[in-house]
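Trainee: Here's a structure for you.
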Amino acid sequence: MAVSALAAATVAACGGPRKGGRGTDAGSQGDAGPPDAGPSCAAGPCFLATALNHPWALATDGAYLYFTEFGDGTGATNGSVKRCAIADDCAAGPTVLASGLSNPQHVVVDANNVYFADLGTDTVGAAISSCALTGCGTRPTSLSSAGSPACIASDGTYIYWVDGQDDSVNRVPLAGGPRSVVYNGMSLVFAEPQDCRVDASNVYVSDANEDVFLVPLAGGEPTKIAAGSGVTGFAPLALGAADLFLGRSGSLVRVPFGQTGGATLATGIPSPSWLAFDDTTATLYWSNRGSGSAGDGSLGKVVVGGAGQTNLATGLTTPQSLVVTGSAVYWLSYGTLAGNNGTDTMPRTGALGRVPL
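Here the sequence shown stands for residues 166 to 522, where the numbers follow the numbering used here.
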């Protein structure tokens, strides 16, 4: 059942908001005191953790939610990777797994490790890293150096990333080992790579023109399979068993495998920021940042072949990454806008939220 629209100011705190996190790095901890009693969010959106420092990307293994915090701003070295237990709605607060990171962004998880891309600084280069699910403190395992990783994805054997510095598509074994190049980027077909996904045969890459390319794992030049809307955007991607899904400025598009172009699934979505597809219910979920200068973001869903789209929550501030697990959508709010109708957000004002399906 769809949840009625709620303004950001009315989003409940499940058992009271849990701030920051607990762990061994004081620079990335918040107030981890006991949560106050608060209303249930069984019937609407609520926050599970607040005071997060620019939370960027979210992943789940079904038991925990894993997320990166970008840190205070570009070049900062107080980024982190954290996790929250799903069963108790993050009652103990987020646990810090890795800290002292330089702007970590995208994240994936498997049964042993959490993997993330760290943008680095002028003195510490970017890297693809892993951290045990029990934590690694300030010493994550570096799997490979990188130039400027725009996104990462995993097929269960390798971590793949698209490098914004040279347009290359690369991979490294999850367990560590030599880095290999899937596409060398020499033809420079990507206009600032944005998001990527991988299946058994291809890496799919979107760029800032909202074009989507297929890059064969066996090697060869990228092929454009969907053209952009003519507006610059993030162009998030999701994969289903039979389709690729793309977020464009204003709409969501379905591209069946083996075809090009695609068909519009949903409209009236100004700035899609993340997508997640549930094959079991054939449902595509999205987060929408809105104008980016006001609390007008939203979460929603659309059933492929179904009867229209549904908003799950509206009036949200800077909704970012989302995942679907169990009977809920979990999402990150990047942070409170800095004011004066600007698009910057203030540090330590982000949040982890939940809304029923």
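Beta carbons: idealized from backbone N, C-alpha and C, even for Gly.
Keep in mind the model is a prediction, meaning the values are calculated, not measured.
For the candidate residues A340, F355, G412, whose alpha-carbon lies nearest to that of D328?
Mentor: One-based indexing of the sequence shown puts residue 328 at position 163. Out of A340, F355, G412, F355 has the C-alpha closest to the C-alpha of D328.
Trainee: Under a three-way DSSP split, which group does Q424 fall into?
Mentor: Along the sequence shown, read from residue 1 onward, the residue named residue 424 stands at position 259. Three-state result, Q424: coil.
Trainee: Can you tell me which residues form a DSSP beta bridge with T445?
Mentor: Position 280 of the sequence shown holds residue 445. DSSP lists no partner for T445.
Trainee: Which partner residues does F399 have in the DSSP bridge list?
Mentor: The residue you call residue 399 lines up with position 234 of the sequence shown. BP columns for F399 are empty, so no partner.
Trainee: Run through DSSP, which three-state label would V380 get?
Mentor: Numbered from its first residue, the sequence shown carries residue 380 at position 215. Under the three-state reduction of DSSP output, V380 falls in the strand class.
Trainee: Per DSSP, which one or two residues make a beta bridge with N335?
Mentor: Walking along the sequence shown from the start, residue 335 turns up at place 170. According to DSSP, N335 bridges with W326, V346.
Trainee: Excluding the 5 residues preceding and the 5 following S313 in the sequence, name in chain order all residues of the same chain whose CB lies nearer than 8 Å to its CB.
Mentor: As a first step, residue 313 is located in the sequence shown; it is residue number 148 there, counting from the start. Cβ within range, chain order: L284, A291, D328, G329, Q330.
Trainee: Curious, which full-length beta strand (DSSP E) runs of at least 3 residues does the region 253 to 311 contain?
Mentor: With a minimum length of 3 residues, the continuous beta strand (DSSP E) runs that stay inside the region 253 to 311 are 260 to 266, 269 to 274, 278 to 283, 291 to 297, 306 to 311.
Trainee: Can you give me the C-alpha to C-alpha distance between D253 and A318, rounded to a whole angstrom?
Mentor: On the sequence shown, residue 253 is found 88 positions in, with the first residue counted as 1. On the sequence shown, residue 318 is found 153 positions in, with the first residue counted as 1. When rounded, the distance between both Cα atoms is 28 Å.
Trainee: Can you list, in chain order, the residues of its chain whose CB lies under 6 Å from that of P401, leaving out five sequence neighbours each side?
Mentor: As a working note, residue 401 is residue 236 in the sequence shown. Taken in chain order, the residues that qualify are D360, G412, P437, W439, L440.
Trainee: Write down every uninterrupted run of the beta strand (DSSP E) in the region 345 to 374 whose length is 3 residues or greater and which is fully enclosed by it, in chain order.
Mentor: 345 to 348, 358 to 363, 367 to 372
Trainee: Please classify P269: is it buried, with 16 or more other beta-carbons within 10 angstroms of its beta-carbon, or exposed?
Mentor: Translated into positions along the sequence shown, residue 269 becomes position 104. The residue in question, P269, is buried, as its Cβ has 16 or more Cβ neighbours within 10 Å.
Trainee: Please name the residue in L298, G300, W326, G302 whose C-alpha comes closest to that of S310.
Mentor: Taking the first residue of the sequence shown as 1, we reach residue 310 at position 145. The candidate whose alpha carbon is nearest that of S310 is W326.
Trainee: Output yes or no for whether 8 Å exceeds the beta carbon distance between L517 and C255.
Mentor: Taking the first residue of the sequence shown as 1, we reach residue 517 at position 352. Taking the first residue of the sequence shown as 1, we reach residue 255 at position 90. Yes, Cβ-Cβ distance for L517 and C255 is below 8 Å.
Trainee: Per the DSSP calculation, D516 is bridged to which residue(s)?
Mentor: As a position in the sequence shown, residue 516 is number 351, starting the count at 1. It is worth fixing the name first, because residue 516 is Ala in this sequence and not Asp. According to DSSP, A516 bridges with S498.
Trainee: So, does the region 487 to 499 touch the region 414 to 425, judging by three or more C-beta pairs under 8 Å?
Mentor: no
Trainee: Give the DSSP bridge partners of E234, in chain order.
Mentor: Translated into positions along the sequence shown, residue 234 becomes position 69. For E234, DSSP records a beta bridge to P220, S245.
Trainee: Tell me which same chain residues have a C-beta within less than 7 Å of the C-beta of S267, skipping the five on either side of it?
Mentor: By one-based count along the sequence shown, residue 267 stands at place 102. The residues are T242, G244, D283, L284, G285, T286, V289.
Trainee: Would you mind sorting A173 into buried or exposed? The rule is 16 or more other CB atoms within 10 Å of its CB.
Mentor: Taking the sequence shown and counting its residues from 1, the one referred to as residue 173 is at position 8. Note that A173 scores a pLDDT of 36, beneath 50, so its modelled location is shaky and nothing firm can be said.
Trainee: Can you have a look at E357 and say buried or exposed, based on whether 16 or more other CB atoms are within 10 angstroms of its CB?
Mentor: Position 192 of the sequence shown, counted from the start, is the residue given in the question as residue 357. Exposed, by the Cβ-count rule.
Trainee: Looking at P305: is its Cβ nearer than 8 Å to the Cβ of A373?
Mentor: On the sequence shown, residue 305 is found 140 positions in, with the first residue counted as 1. On the sequence shown, residue 373 is found 208 positions in, with the first residue counted as 1. In this structure, A373 does not lie closer than 8 Å to P305 by Cβ.
Trainee: Where does Q194 fall in DSSP's three states?
Mentor: For the purposes of this step, residue 194 is taken as residue 29 along the sequence shown, with counting starting at 1. Here the model assigns Q194 a pLDDT of 32, short of 50, so the residue's position is not dependable and the matter cannot be decided.
Trainee: On the premise that V272 lies in contact with Y231, defined as a C-beta separation below 8 Å, what is that separation, rounded to the nearest angstrom?
Mentor: Sequence index remark: in the sequence shown, residue 231 carries index 66 (1-based). Sequence index remark: in the sequence shown, residue 272 carries index 107 (1-based). At roughly 6 Å, the Cβ-Cβ gap stays under 8 Å, so Y231 and V272 are in contact.
Trainee: Considering Cα atoms alone, identify which of L477, V274, S366, K247 is closest to D519.
Mentor: Here the question's residue 519 lines up with position 354 in the sequence shown. Checking the sequence, you will find Arg at residue 519 rather than Asp. Checked all of L477, V274, S366, K247; the closest Cα to R519 is L477.
Trainee: A191 to D275, Cα distance in whole Å?
Mentor: In the sequence shown, residue 191 corresponds to position 26, counting from 1. In the sequence shown, residue 275 corresponds to position 110, counting from 1. Residue confidence for A191 is low, a pLDDT of 29 falling below 50, so the modelled location carries little weight; the figure read from the coordinates is stated next. Their Cα atoms are separated by approximately 27 Å.
Trainee: Is it buried or exposed, K466, if we count other Cβ atoms within 10 angstroms and call 16 or more buried?
Mentor: On the sequence shown, residue 466 is found 301 positions in, with the first residue counted as 1. It counts as buried.
Trainee: Are P484 and S498 touching if we call contact CB-CB under 8 Å?
Mentor: Indexing the sequence shown from 1 puts residue 484 at position 319. Indexing the sequence shown from 1 puts residue 498 at position 333. Going by C-beta atoms, P484 is nearer than 8 Å to S498.
Trainee: Given a threshold of 16 other Cβ atoms within 10 Å of its Cβ, counted over all protein chains shown, does N277 qualify as buried or as exposed?
Mentor: Walking along the sequence shown from the start, residue 277 turns up at place 112. That one is exposed.
Trainee: Going along the chain, which residues of its own chain have a beta-carbon closer than 6 Å to the beta-carbon of D408, five neighbours each way excluded?
Mentor: Residue numbering aside, residue 408 sits at position 243 when the sequence shown is read from its first letter. Hits under 6 Å: R419, P421.
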